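Have a look at the structure below, then the notes.
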Amino acid sequence: MDIKTSAWITVSQDTGDICPVFRRQFATGKAIDKAELQITVLGVYKAEINDQRVGDFVLAPGWTSYDHRLQVQTYDVTALLQKENDLRVTVGRGWFRSPMPGWMDSADKRRRYAQPCGLIALLRICYADGTEETVQTDENWQWAESPVRFSEIYDGERADARIVPENWQPVKPLDWSRDILIPQEGEAIRETERVAVRQILRTPAGEIVIDFGQEVTGYVEFTVDARAADKVSFTHAEVLDKDGNFYNENYRSAKALVEYTCREGKQTWHPQLTFFGFRYIKLLSWPGEARPESFTAIVVHSDMKRTGWLKSGNAELNQLFSNILWGQRGNFLDVPTDCPQRDERLGWTGDAEVFIKTASYLFDTERFFKKWLHDMTADQRESGEIGQVIPDVMPEGESSAAWGDAATICPWQVYQTYGDASVLEDQFECMRKWVDFITGVTTTSNLWTDHFHFGDWLGLDAPDGSYKGSSREDFIASAFYAYSTALVVKAGKLLGKDVCAYEKLHGDIVAAFRKTFPEYKTQTEHVLAVHFELAENPQKTADALAEMVKSDGVQLRTGFVGTPYILHVLSNYGHADLAWSLLLRREYPGWLYSVAKGATTLWEHWDNIKPDGSFWSDDMNSFNHYAYGAVGDWVFNVACGIQPLEPGFARARIAPHPDSRLHNLSGTLDTAHGRIRSAWKHTEDGVRYEIDTPVAAEIVINGKIYAVEPGSYIF
Ligand code: BGC
12 MDIKTSAWIT VSQDTGDICP VFRRQFATGK AIDKAELQIT VLGVYKAEIN DQRVGDFVLA
72 PGWTSYDHRL QVQTYDVTAL LQKENDLRVT VGRGWFRSPM PGWMDSADKR RRYAQPCGLI
132 ALLRICYADG TEETVQTDEN WQWAESPVRF SEIYDGERAD ARIVPENWQP VKPLDWSRDI
192 LIPQEGEAIR ETERVAVRQI LRTPAGEIVI DFGQEVTGYV EFTVDARAAD KVSFTHAEVL
252 DKDGNFYNEN YRSAKALVEY TCREGKQTWH PQLTFFGFRY IKLLSWPGEA RPESFTAIVV
312 HSDMKRTGWL KSGNAELNQL FSNILWGQRG NFLDVPTDCP QRDERLGWTG DAEVFIKTAS
372 YLFDTERFFK KWLHDMTADQ RESGEIGQVI PDVMPEGESS AAWGDAATIC PWQVYQTYGD
432 ASVLEDQFEC MRKWVDFITG VTTTSNLWTD HFHFGDWLGL DAPDGSYKGS SREDFIASAF
492 YAYSTALVVK AGKLLGKDVC AYEKLHGDIV AAFRKTFPEY KTQTEHVLAV HFELAENPQK
552 TADALAEMVK SDGVQLRTGF VGTPYILHVL SNYGHADLAW SLLLRREYPG WLYSVAKGAT
612 TLWEHWDNIK PDGSFWSDDM NSFNHYAYGA VGDWVFNVAC GIQPLEPGFA RARIAPHPDS
672 RLHNLSGTLD TAHGRIRSAW KHTEDGVRYE IDTPVAAEIV INGKIYAVEP GSYIF
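Note that the sequence shown covers residues 12 to 726 in my numbering.
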């Protein structure tokens, strides 16, 4: 029987901030062979049977385009059932009913905030004698107030452990769509690691601050021996300020506050229905003395399988690799988010587009991205426009080049890394409609002109007071228009579709682009012209880029748009040494600058903390923004040299680019065809290479090409 035969239920009166708990009590008369619970809510839930947690999915049902798609989880609950049973489900606001995004008001935000909480479930019990029984959400359920008095994505959670649900009242039927119900598509969100306290600090301002030594996303579990009514409360932060005091102004309006009222005795608790991005907490209230063993940070994210590893002979570079990894762990919470702490935590398309290649190497993200891309399709607007964030909780926001192009770039990358064309099959219409949207909205045919854009976001060549780099917006938009159209052509051909019109369009865009933009003015403009195959003379353009980088003091001037590709463009055209110089740079702006400043995740700006210790700003200063972690794909593809010759690494090209400033480097990638490993190190006799390939490969060492069968090789 299907969950769609169950009824949606809700509370019979408004509970305000208080999270309701629903319950159903029932008896099972006979020996049980198997019992399975299908369940989902409008909000996020925690389900228990007879006081035992059902499954280990945190923040279920995850975040989808709720107007169109709501995931249903299925749990085997055979072991939890007894003769007399008590099934309870606590429901929090979650992404469904929290006021998102935090920093702005909109009609859609008010609409979502006013939506009801809801529960739908079906428990199917198969008895050993072959008979079956079902327990479904219906008028036989009851609800009461739970100990969770407030729970919301940005502001945190408040609980009162003294409260035992009572005054059970009948539920109300809820008129809500059941057509939106879909089986679980993404990876389950789980607790994946427990991080112990590194130190407890007393700051110069007299605050008690607990340092976990690593920025994580999740929540803090604490154990306390207390008197009833004692209070525990704390707030979260990513960094301390330059005086060593607690600082979280950069969370903006997100309160990220935990408040807990104790019951009598020893107890352990953590927030149930929300999450935080943090490295530190400041204790606002704690009964007795705070001891390290009383606190644990629990890391929560989409439970993806790790597939990529990088290791070098340079401790700072290894820390950068670790920061990239933690950036992904902190921001792949069912949806690829910009950051996990402030009043955003949104599925910004541009950020995902920039980081997806690296992400797809470090973890198996195929399922994660396929689900998110289905939400993108669901939220694609009539015109083909793609919202700035997916799920699209900013429907009034206009598309931007490089952000909306996630529609073509992300499916293409999933196919390149994993080799299964079904992602293209699923997304082709969405890809095509995105290109059609540009064609329909532009004011100049074959270019994309006169539209809102984020430009080369946070480009280092931004004029004073602007977030946008100096690269021309029409230039960036037209370059991405060309690239997205090229990807539609490639995907369409692969799927056997007629894409003649898009092929012609691509040729026309390239011609118009060359005519309109004969010169490139910024680093990012050079990068895009070469990377998207628009430059008539790519070698000359890459050489000019190299000169520009040098005359800029061997420094990046790029932002979100140019940074992911600049090292590739340099190394593809004979400037690998310069690419290495940029990667190994320890001063601002450079990837190792934040490492030297103690970062444990990637920063939103190269100088979130300036050389003098002050902050870039209070309002746009995330310490866990993965975008610049995109450099990880250059380390895999070029520094270690592991590249797919066919999608999914069915054949590989392994062309490492060692640099004398780094003693050794190794990259390991688990592909659909097995583990590829490429390592090099400097020895007295020159560079020694070790390569393992499970597929036929082309190994390129010192310009010489070796065609090899699967095996292990040393050069
Ligand atoms: C986000 C970015 C995002 C941008 C759009 C910011 O507030 O944090 O990462 O891509 O807005 O420009």
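Every residue gets a Cβ at the ideal spot worked out from N, C-alpha and C, and that includes glycine.
None of these values were measured; they are calculated from a predicted model.
Look at the beta carbons and you see the region 598 to 616 touching the region 627 to 637: at least three pairs across the two are nearer than 8 Å. For the ligand BGC, a non-hydrogen atom lies closer than 6 Å to the CB of PHE465. With contacts defined as CB atoms closer than 7 Å, VAL159 and GLY229 fail to qualify as a contacting pair. According to the DSSP secondary-structure assignment, ALA308 is paired through a beta bridge with VAL206 and VAL231. Per the Cβ contact rule, the region 225 to 245 is in contact with the region 283 to 296 (3 or more Cβ pairs under 8 Å). Around the beta carbon of GLU364, 16 or more other beta carbons lie within 10 angstroms, which makes this residue buried.
Look at the beta carbons and you see the region 557 to 576 touching the region 525 to 537: at least three pairs across the two are nearer than 8 Å. Residue SER371 holds the alpha-carbon nearest to the alpha-carbon of GLY430 among SER394, GLU484, SER371 and PRO72. Between the alpha carbons of LEU435 and PHE379 lies a gap of roughly 15 Å.
Using a Cβ-Cβ distance cut-off of 8 Å, the region 260 to 271 and the region 159 to 178 are in contact, since at least three pairs of beta carbons, one from each stretch, lie closer than that value. Under the three-state reduction of DSSP output, SER23 falls in the coil class, being neither helix nor strand.
Per DSSP, the beta bridge partners of ILE716 are VAL711. Going by beta carbons, ARG99 and VAL32 fall inside the 7 Å limit. In the three-state reduction of the DSSP assignment, VAL88 falls in the coil class, being assigned neither a helical nor a strand state. The three-state reading of DSSP puts ARG169 in strand, counting E and B together. In summary, THR89 is exposed, with fewer than 16 beta-carbon neighbours lying within 10 Å of its beta-carbon over all protein chains present. According to the DSSP secondary-structure assignment, VAL159 is paired through a beta bridge with ALA170. Annotation: LYS15 is outside any beta strand (DSSP E) and is labelled neither H nor E by DSSP.
With a cutoff of 6 Å, ASP349 counts as near the ligand BGC, since its C-beta is closer than that to a heavy atom of the ligand. In terms of side-chain proximity, the C-beta atom of TRP359 is found nearer than 6 Å to a non-hydrogen atom of the ligand BGC. Annotation: the region 289 to 348 contains the following complete segments of the alpha helix (DSSP H) (minimum length 4 residues), in chain order: 326 to 342. In the DSSP assignment, VAL706 falls outside any alpha helix (DSSP H) and carries neither an H nor an E. The C-beta separation of TRP280 from ALA170 comes to about 7 Å, placing the pair in contact by the 8 Å criterion.
Residue pairing by DSSP places LEU133 opposite GLN49 and GLN147 in a beta bridge. For ASP554, the enclosing alpha helix (DSSP H) covers residues 549 to 562. For TRP468, the Cβ falls inside the 6 Å cut-off from some heavy atom of the ligand BGC. Just so you know, the alpha carbons of LEU328 and ARG596 end up roughly 10 Å apart. ASP149 has its Cβ no nearer than 6 Å to any heavy atom of the ligand BGC.
THR246 is positioned such that its CB atom lies no closer than 7 Å to that of SER305. When distances are taken from the beta-carbon of ASP362 to the heavy atoms of the ligand BGC, the shortest one is below 6 Å. At a Cβ-Cβ threshold of 7 Å, CYS30 and SER157 count as neighbours. For ASP588, the enclosing alpha helix (DSSP H) starts and ends at 587 to 594. Distances from the CB of GLU260 to the heavy atoms of the ligand BGC are all 6 Å or more. Relative to the ligand BGC, the beta carbon of GLU396 is positioned no closer than 6 Å to any heavy atom.
Of the heavy atoms belonging to the ligand BGC, none sits nearer than 6 Å to the Cβ of GLU156.
For VAL580 and THR574, the gap between their C-alpha atoms comes out near 10 Å.
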